[in-house]
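Chains A and B, in that order, are what the protein sequence lines are. According to the numbering used here, the first sequence is numbered sequentially starting from 5. According to the numbering used here, the second sequence is numbered sequentially starting from 13. Even for Gly, the Cβ is constructed at its ideal location relative to N, Cα and C. In this text the structure is predicted, and so the values were computed from the model without any measurement.
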Amino acid sequence: MIIELGHYALVLALATAFVQAILPIAGARRGDKALMELASSAALVCALLVAFSFAVLTFAYVTSDFSVRNVWENSHSLKPLIYKISGVWGNHEGSMLLWLLILVFFSALVALFGRNLPETLKATVLAVQAWIAAAFALFILLTSNPFARLIPAPGEGKDLNPVLQDVGLAIHPPLLYLGYVGFSVCFSFAIAALIEGRIDAAWARWVRPWTLAAWTFLTAGIAMGSYWAYYELGWGGWWFWDPVENASFMPWLAGTALLHSALVMEKREALKIWTVLLAIMTFSLSLLGTFLVRSGVLTSVHAFATDPTRGIFILVILVVFIGGAFSLFAFRASRLKSGGLFAPISREGALVLNNLILTTAAATVLTGTLYPLVLEALTGEKISVGAPFFNMTFGLLMLPLLCAVPFGPLLAWKRGDLTGAAQRLVVAAAVGLSVAAVYYYAMNGGPVLALLGIALGVYLIVGALTDLVLRSGIGKVAGSVAWKRLSGLPRSAFGTALAHTGLGVTLIGIVAVTGFETETVVEMKPGMMVEAGGYSLRFDGMRPGRGPNYTEETGHFTVSRGGVAVTEIWSSKRLYTARRMPTTEAGIRTFGLSQLYVSLGDQMTDGGIVVRVWWKPLILCIWGGALIMMAGGVVSLSDRRLRVGAPTRAKRAARLALGAAE
Amino acid sequence: MTRKQKRLAIIGGGVSFLIAAVFLVMFAFSQAVAYFYVPGDLAKAALAPGTRIRLGGLVETGSLKRGEGKTITFNVTDTLGTVPVTYTGILPDLFREGQGVVAEGAFVAGSPVFVADTVLAKHDETYMPKDVADRLKAQGVALGGKENIQ
């Protein structure tokens, strides 16, 4: 009964979305206040209905109600509670419901915290949000109903894919969706601006916090997914240029560009049309990502089940929304007045360069991701586009951007002084090169390119801090004055510095792992030793064990340095009994920012076992940098500037966003 | 600079960057992608030794030699042809005889053995690499197991 209520709530949510999609926009056209105000209440009701529906599905999972087909297919009564809950979105139907839930959640936030928005803008934005919500609710109800019953109910479930039974899965999809779907708000604002034919600096001020929040979540989601793949799949890789990863990376690149162009629009009223276009592109890439992942055109861990009708349905949504948005843009963009003059060498110029490179980079990733699909459709020829392609194109294109990043904040608006900025960055460059030299000495040599990469990373970090140092006058004025000036700087200045520092830290991690990691594959018998990263690992033997829904064979290793035992590593192979599916649980030990990573292979006939040992120098920098970038996003969100209009309410919104980000 | 010149400078810079990016992408497509083959195609393909390809098919039942050191050998077959493959390292958890597999690597000059550096197996019990399933279906190979292979 409760299951049917959940299903019914979803149908009601669809009906509410239709109301919210049509009436407020009619109200905005005719100046009818009552109709416009309907948007907010409809958005709240819709959010509550979807939340109820989601809660019902969660309830079915927690109570292991196998009369629901979706639960039977993806759960098991012996599964630990946390994986029963995370299993709700560990499958196609449930994850689409989560997608919808987050979408209506964002609509509700606009309804709640958008009281200072002009009422026609607010009504239009909410209506556009409802178009998207209606399309996806329809998709779920028609092709992917999570509430479908199974009669007679089986006694036991088929269990969740063991690779997905991990804390990473509990967090990764919600974070990623908060990012993906968060960009829908920017999209709706862009469409509303086009419908209204009016856009100004205030518009950019409303859009920027949403972009920031979505970007922060997306950064978290991608970093989380990368770390999850790293420790869960047991291959020791942290990024595979897999189409599914690219699907989340493209909106991130476009979103990063949007973040920067909205800044130009807000401060200087320039790049209006471009910002609107970018907002549309960013969410279009999110939709494309959803299509790629959910339609089954790609086969991967993420393509839970493949059903052609679903693919076609999402493709239709994709074509209608992206096509519609771009047509609207083509017809109405000329109405938006452009303004704001600036010289090519200026803060604006630097941000344009940022946008140019980021969007081009996103385009190359898009090409590399879609080309194999298109080629196969046209000629039947199958190719695989992997890391070599992306390193050659994306990697090379990003280089000039990385060199230019510290220049941005040092250039003045309108007309900047390039030589002056370069002089101020000499220190950063010098520090970068000396750190690389020290690293070269410490590592007894190494690939020159990797060393230059590390120098670039350090230069980015020092360069980002240079801006703060110069603005506060540290070293030039008395300490107390400098402190006062530093604490008086706008939060967004710290946000920028943090985000750029994070970029440098991530770069260092990527370069260090790529250039200096070691990988050893050896056949070991108990008592044998293997060396990695200056540590010796002694294999002590295997022992069997069992968990709630699996059995395992665990290898034990003693790690020592200079003859002294430091720590131990356990690495195991599990067999999940319900699906008869084996998984590798890599043994990982952290030393500072570096890690030892041990995976087990085949048991030998003579009692030995194949062991793969990696030394991953500075690998934690990759995700640590992402954390710093996120901190930058959160700090920027708390900037006074974004609380324009109604300070108290906006403060609450910022706090809420902060709370949600944690 | 006048407004027009400034705009031209920005647009000119942007366009030349884009053109450079397009050439880079085209160059990378000619160099850095791997084509997919099944064993039956290889005879007519005439590959230069060392060309990176993806080889897909089924792991021939009875051909897998593991448990004798870290180098593993097995045969990939599509019933029209069979290719011996060597791989050093740890096979994916789901690698099994009689199941689909994709190996990435190259042929060494003067040897029929395919040296793989990456081996991908299916992700769960109902999954077979799409490339493999399509080719096998096209060649009329009966696919064992579940019918919903995509």
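For residue 215/A and residue 481/A, the rounded distance between their alpha carbons
37 Å
Shortest alpha-carbon distance to residue 447/A belongs to which of 6/A, 636/A and 622/A? 622/A
Identity of the residues DSSP links to residue 523/A by a beta bridge:
618/A
Can you tell me whether DSSP reads residue 533/A as helix, strand or coil?
strand
(Q) Under DSSP, the alpha helix (DSSP H) around residue 28/A begins and ends at which residues? (A) 6 to 34
*asked:* Please identify, using Cβ separations under 7 Å, the residues of the segment 44 to 72 of chain B that lie next to chain A, in order along the chain.
replied: Here the close residues are 44, 45, 46, 47, 48 and 66.
Item checked: Under the three-state DSSP convention, the category residue 447/A falls into -> coil
Pairwise C-alpha distance: residue 435/A and residue 370/A:
If you take the alpha carbons of residue 370/A and residue 435/A, they lie about 36 Å apart.
Margin query: Against chain A, does residue 37/B count as a neighbour if the rule is that its beta carbon must be under 8 Å from one of theirs?
Written below: So, interface residue.
| request: Would you tell me roughly how many angstroms separate the C-alpha atoms of residue 15/A and residue 42/A, rounded to the nearest one? | output: Going by the C-alpha atoms only, they are around 19 Å apart.
| said: What would DSSP say about residue 548/A, mapped onto helix, strand or coil? | reply: strand
- Thinking residue 541/A and residue 577/A are a contact (beta carbons under 8 Å), I'd like their distance in whole angstroms, please. Actually they do not touch by this definition, with Cβ atoms about 17 Å apart.
TODO: Kindly indicate the opening and closing residues of the beta strand (DSSP E) around residue 98/B.
DONE: 94 to 100
- Is it buried or exposed for residue 589/A, if we count other Cβ within 10 angstroms and need 16 for buried? buried
Mind pulling the chain A residues with CB within less than 7 Å of residue 26/B? 360
Check: Between residue 121/B and residue 61/B, is the Cβ-Cβ spacing less than 8 Å?
Finding: yes
Subject >> Assumed close pair residue 575/A, residue 614/A - CB separation to whole angstroms, cut-off 8 Å >> reply: Residue 575/A to residue 614/A, Cβ: 12 Å. No contact.
message: Using a Cβ-Cβ distance cut-off of 8 Å, determine whether residue 347/A contacts chain B.
response: yes
Requested in this report: Put residue 114/A into one of helix, strand or coil per three-state DSSP.
Outcome: helix
Exercise. Apart from the five residues on each side of it in sequence, which residues of its chain come closer than 7 Å, Cβ to Cβ, to residue 132/A?
Worked result: 192, 195 and 196
| message | At a threshold of 7 Å, does residue 421/A count as lining the ligand NAD (C-beta to nearest heavy atom)? | response | In terms of ligand content, the structure shown is empty, and the ligand NAD therefore cannot be addressed.
Discussion item. Please tell me whether residue 31/B has its Cβ less than 8 Å away from any Cβ of chain A.
Written reply: So no, residue 31/B is outside the interface.
**OP:** Report the residues of the segment 86 to 116 of chain B with a CB closer than 9 Å to any CB of chain A, ordered along the chain.
**Re:** 100, 101, 102, 103, 104, 105, 106, 114 and 116
Original post:
In chain order, what residues of the segment 379 to 391 of chain A put their CB closer than 8 Å to some CB of chain B?
Top reply: Of all residues in the segment 379 to 391 of chain A, 385, 386, 387, 388, 389 and 390 have a Cβ within less than 8 Å of some Cβ in chain B.
* Asked: To which residues of the same chain is residue 258/A closer than 6 Å at the C-beta, ignoring the five residues directly before and after it?
  -> 285, 286, 289 and 366
### Query
If you draw a straight line from the C-alpha of residue 103/A to the C-alpha of residue 58/A, how long is it?
CA-to-CA, the gap between residue 103/A and residue 58/A works out to about 11 Å.
Practice item. Return helix, strand or coil for residue 31/B, following the three-state DSSP convention. Key: helix
Practice task
With distances taken Cα to Cα, identify the nearest neighbour of residue 707/A among 77/A, 92/A, 127/A and 121/A.
Solution key: Nothing about residue 707/A can be read from this structure; chain A reaches only from 5 to 666.
- Item | Neighbourhood of residue 499/A by C-beta, 6 Å cutoff - its chain only, sequence neighbours within 5 removed | 636, 639 and 640
Original post:
Any residues in the segment 176 to 190 of chain A with a beta carbon nearer than 7 Å to a beta carbon of chain B? Which ones, in chain order?
Top reply: Hits within the stretch: zero.
(request) Please list the partners that residue 22/B has in chain A, where partner means a Cβ-to-Cβ separation under 8 Å. (result) 348, 353 and 356
Please classify residue 4/A as buried or exposed, where buried requires at least 16 other C-beta atoms within 10 Å of its C-beta.
Here chain A comprises residues numbered 5 to 666, so residue 4/A is not present and cannot be evaluated.
Item checked: Of the listed residues 114/A, 513/A and 548/A, nearest to residue 598/A (C-alpha basis) -> Selected option, being the one with the closest Cα: 513/A.
**Item:** Inter-residue Cα distance where the pair is residue 32/B and residue 361/A
**Value:** 11 Å
Exercise for the section: Consider the Cβ of residue 77/B: report whether some Cβ of chain A lies at a distance smaller than 8 Å. Expected result: Judged by the 8 Å Cβ criterion, residue 77/B is not in contact with chain A.
Checklist entry - Any C-beta of chain A sitting closer than 8 Å to the C-beta of residue 16/B? => result no
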